[in-house]
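Down below is the structure, laid out as structure tokens.
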Amino acid sequence: MRQTGLGPAATDRHRHCCVMDPSDNAGSRQPTVEAVALSYGPAPDGSTGQKDAQPADMLRIKQQMSNQCFEMAVQLQSGKSKRSCSTSEAGRELSEYVNELDRVKTIHFISTLTLHRMQMWHAIGEKLKQNDSEALALKAENDRCMNLCSQIKQLQQESRVFQDEITELQKKRLEMKRLTHEKMKEMDELTSKAGHPDTEKYKAVLERGQANLEKYKKMTVMTQNVLRGILLACKVNWMDDPKLRDIAMTLEEFSISD
Amino acid sequence: MSLLKPFSKLPGLNSANILLVESKEEFQQSLADALVQETSFTVNVRLAKSLPLPMENEESRPRIDLVVFIIDLTSGLSFQSTEASLKCLDPGYFLGKVCFMVINARNAAAPIERLDAVRKLAASLHCPLLFTEDQTPDGVTNATERLLTILKVAAGFVPMATALYLSNLTRSTVSSDIDQPSFD
Numbered sequence: 005m006r007q008t009g010l011g012p013a014a015t016d017r018h019r020h021c022c023v024m025d026p027s028d029n030a031g032s033r034q035p036t037v038e039a040v041a042l043s044y045g046p047a048p049d050g051s052t053g054q055k056d057a058q059p060a061d062m063l064r065i066k067q068q069m070s071n072q073c074f075e076m077a078v079q080l081q082s083g084k085s086k087r088s089c090s091t092s093e094a095g096r097e098l099s100e101y102v103n104e105l106d107r108v109k110t111i112h113f114i115s116t117l118t119l120h121r122m123q124m125w126h127a128i129g130e131k132l133k134q135n136d137s138e139a140l141a142l143k144a145e146n147d148r149c150m151n152l153c154s155q156i157k158q159l160q161q162e163s164r165v166f167q168d169e170i171t172e173l174q175k176k177r178l179e180m181k182r183l184t185h186e187k188m189k190e191m192d193e194l195t196s197k198a199g200h201p202d203t204e205k206y207k208a209v210l211e212r213g214q215a216n217l218e219k220y221k222k223m224t225v226m227t228q229n230v231l232r233g234i235l236l237a238c239k240v241n242w243m244d245d246p247k248l249r250d251i252a253m254t255l256e257e258f259s260i261s262d
Numbered sequence: 234m235s236l237l238k239p240f241s242k243l244p245g246l247n248s249a250n251i252l253l254v255e256s257k258e259e260f261q262q263s264l265a266d267a268l269v270q271e272t273s274f275t276v277n278v279r280l281a282k283s284l285p286l287p288m289e290n291e292e293s294r295p296r297i298d299l300v301v302f303i304i305d306l307t308s309g310l311s312f313q314s315t316e317a318s319l320k321c322l323d324p325g326y327f328l329g330k331v332c333f334m335v336i337n338a339r340n341a342a343a344p345i346e347r348l349d350a351v352r353k354l355a356a357s358l359h360c361p362l363l364f365t366e367d368q369t370p371d372g373v374t375n376a377t378e379r380l381l382t383i384l385k386v387a388a389g390f391v392p393m394a395t396a397l398y399l400s401n402l403t404r405s406t407v408s409s410d411i412d413q414p415s416f417d
């Protein structure tokens with residue numbers, strides 16, 4: 005078994021290696037156990053480059069180790085509290101825990117953002133205290149922002165007032181519409197009912213009057229006919245006598261009705 | 234029978250160890266070559282045909298952060314070998330330190346039942362399932378990137394993320410209609 009040993013114990017951190025393990029496969033023959041080792045030389049930076057990068061590397065390694073320790077702690081803890089539960093229950097609880105984890109992560113992210121905001125404001129405050137040219141520029145910007153904000157507030161106030169007025173007008177218009185509608189309804193009712201009881205009485209009287217008129221007309225026509233008949237029968241000369249002439253003229257005013 | 238245990242050894246400083254298990258031993262090599270190109274930390278790639286690993290290397294072997302099972306869908310032996318190897322793995326690995334990688338899924342010679350079986354296996358073990366293409370260099374690069382993402386979390390390089398958390402986000406699930414007959 006050949007194996008080139010280039011483990012991570014070497015101090016040079018840029019060396020990579022690839023090692024092949026023989027498998028314990030009883031079925032087939034594996035004659036060769038090749039070990040392929042690829043390695044690259046040290047970094048071209050040399051020692052100075054390493055020194056500069058070292059604090060960042062140290063931090064990264066520290067982070068990695070803390071992650072690993074956290075995982076191991078989790079394993080130990082899970083081993084301690086063993087309770088039996090069914091798979092479906094575990095599945096449900098798992099989804100609950102994942103949701104809880106998401107919620108906590110969101111809260112953490114929001115808190116980080118808030119912290120950054122506070123830090124930024126603190127930095128701006130410190131800068132303004134220093135009172136140099138940049139601080140003056142910052143102050144000018146800040147004043148402009150304040151002016152714009154107060155303008156915005158004022159405009160918002162005005163627009164709110166206008167909105168209220170518009171609402172009032174709309175309410176009034178609606179009220180007027182309603183009143184108009186009611187009045188139209190009333191008028192319709194009145195015109196439909198208006199002459200009704202008077203016309204009934206009036207109709208009766210009118211009919212009676214007309215009936216009387218017809219009766220008297222007939223009587224008058226009849227007496228006129230009788231008088232004409234008498235005049236003709238008596239062969240009286242009514243043209244010469246003015247009284248008789250007047251009477252004869254009036255006989256033809258009424259039409260002879262059947 | 235020797236189980237491969239995740240926490241029996243100390244982790245390596247600024248390095249991550251990955252174990253690629255493939256019964257055909259073809260894709261392993263190109264993937265390994267691509268994986269060692271990573272420069273921000275040391276990647277140690279160990280190759281194996283199947284588990285359990287031999288006892289002779291027990292002492293010199295470092296702690297394995299991620300075990301990747303490469304399954305070729307066109308060969309039934311690959312899947313069976315993987316299933317047998319799974320028994321030699323400590324259950325502690327299945328909390329985010331195991332990943333399944335499938336190659337040749339687009340091949341017409343791959344039966345659909347095997348794909349379903351692989352998906353069910355990955356879903357039952359709550360492990361991520363990656364599909365990659367091994368013939369082209371782009372496919373190898375793509376597979377390398379995805380493996381490195383998972384490896385970084387498993388080795389602790391990503392702050393505020395552990396392998397268990399990532400596995401909850403990336404685990405493969407099987408929809409309930411996988412047992413329905415397919416359209417053809």
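Going down the list, the protein sequences come from chains W and S. With my numbering as the guide, the letters of the first sequence map in order to residues 5 to 262. With my numbering as the guide, the letters of the second sequence map in order to residues 234 to 417. Ideal Cβ positions, reconstructed from N, Cα and C, are used throughout, including at glycine. If you're wondering where the values come from, they're calculated on a predicted model, not measured in any experiment.
Roughly how many angstroms lie between the CA atoms of residue i and residue j, to the nearest whole one?
{"i": "H185/W", "j": "Q174/W", "result": "17 Å"}
{"i": "L397/S", "j": "V386/S", "result": "9 Å"}
{"i": "D245/W", "j": "R212/W", "result": "41 Å"}
{"i": "R504/S", "j": "P239/S", "result": "Summary: the structure shown does not reach residue 504/S, with chain S confined to residues 234 through 417, and so no result is reported for it."}
{"i": "L354/S", "j": "S99/W", "result": "20 Å"}
{"i": "Q34/W", "j": "T369/S", "result": "Only weak support exists for where Q34/W lies, its pLDDT of 33 falling under 50; the coordinates are left without a value."}
{"i": "R64/W", "j": "L328/S", "result": "24 Å"}
{"i": "S308/S", "j": "S273/S", "result": "36 Å"}
{"i": "E138/W", "j": "C149/W", "result": "16 Å"}
{"i": "P344/S", "j": "L246/S", "result": "44 Å"}
{"i": "P59/W", "j": "E346/S", "result": "53 Å"}
{"i": "K197/W", "j": "L235/W", "result": "57 Å"}
{"i": "L236/S", "j": "H126/W", "result": "56 Å"}
{"i": "M122/W", "j": "I114/W", "result": "12 Å"}
{"i": "V407/S", "j": "L358/S", "result": "11 Å"}
In terms of alpha-carbon separation, which member of the options lies closest to residue i?
{"i": "S283/S", "options": "E258/S, G245/S, D298/S", "result": "E258/S"}
{"i": "P285/S", "options": "L306/S, F312/S, V254/S, D298/S", "result": "V254/S"}
{"i": "R339/S", "options": "T275/S, L306/S, L246/S, L310/S", "result": "L306/S"}
{"i": "E378/S", "options": "L363/S, P392/S, G389/S", "result": "L363/S"}
{"i": "E291/S", "options": "N337/S, A249/S, L319/S, K242/S", "result": "K242/S"}
{"i": "T189/S", "options": "S311/S, Q262/S, L319/S, L299/S", "result": "Missing from the structure shown is residue 189/S; chain S here goes from 234 to 417 and no further."}
{"i": "M253/W", "options": "A237/W, V102/W, L231/W, L119/W", "result": "L231/W"}
{"i": "P244/S", "options": "L299/S, A281/S, L280/S, M288/S", "result": "L299/S"}
{"i": "E97/W", "options": "N401/S, N250/S, A342/S", "result": "N401/S"}
{"i": "Q72/W", "options": "A388/S, M393/S, L399/S", "result": "A388/S"}
Per DSSP, what kind of secondary structure is residue i in: helix, strand or coil?
{"i": "I336/S", "result": "strand"}
{"i": "A39/W", "result": "Low confidence applies to A39/W: its pLDDT is 30, below 50, so where it sits in the model is not reliable, and the reading given next is rough at best. In this structure, A39/W counts as coil in the three-state DSSP scheme."}
{"i": "D305/S", "result": "strand"}
{"i": "N277/S", "result": "strand"}
{"i": "I251/S", "result": "strand"}
{"i": "T365/S", "result": "strand"}
{"i": "V165/W", "result": "helix"}
{"i": "V230/W", "result": "helix"}
{"i": "L119/W", "result": "helix"}
{"i": "V78/W", "result": "helix"}
{"i": "V391/S", "result": "coil"}
{"i": "V300/S", "result": "strand"}
{"i": "V331/S", "result": "strand"}
{"i": "L381/S", "result": "helix"}
{"i": "L237/S", "result": "strand"}
{"i": "L243/S", "result": "coil"}
{"i": "L358/S", "result": "coil"}
{"i": "R249/W", "result": "helix"}
{"i": "L319/S", "result": "helix"}
{"i": "S196/W", "result": "helix"}
{"i": "Q270/S", "result": "coil"}
{"i": "S137/W", "result": "helix"}
{"i": "E291/S", "result": "coil"}
{"i": "P324/S", "result": "helix"}
Going by other Cβ atoms of all chains shown within 10 Å of its Cβ, with 16 needed for buried, is residue i buried or exposed?
{"i": "I170/W", "result": "exposed"}
{"i": "A208/W", "result": "exposed"}
{"i": "P324/S", "result": "exposed"}
{"i": "N216/W", "result": "exposed"}
{"i": "E75/W", "result": "buried"}
{"i": "Y326/S", "result": "buried"}
{"i": "S82/W", "result": "exposed"}
{"i": "I304/S", "result": "buried"}
{"i": "T227/W", "result": "exposed"}
{"i": "S311/S", "result": "buried"}
{"i": "V335/S", "result": "buried"}
{"i": "I251/S", "result": "buried"}
{"i": "S163/W", "result": "exposed"}
{"i": "A249/S", "result": "buried"}
{"i": "R249/W", "result": "exposed"}
- prompt: Are there three or more Cβ pairs, one per stretch, closer than 8 Å when the stretch 374-390 of chain S is compared with the stretch 256-271 of chain S?
  reply: yes
- prompt: Can you find at least 3 beta carbon pairs, one from the stretch 341-354 of chain S and one from the stretch 308-315 of chain S, that sit closer than 8 Å?
  reply: yes
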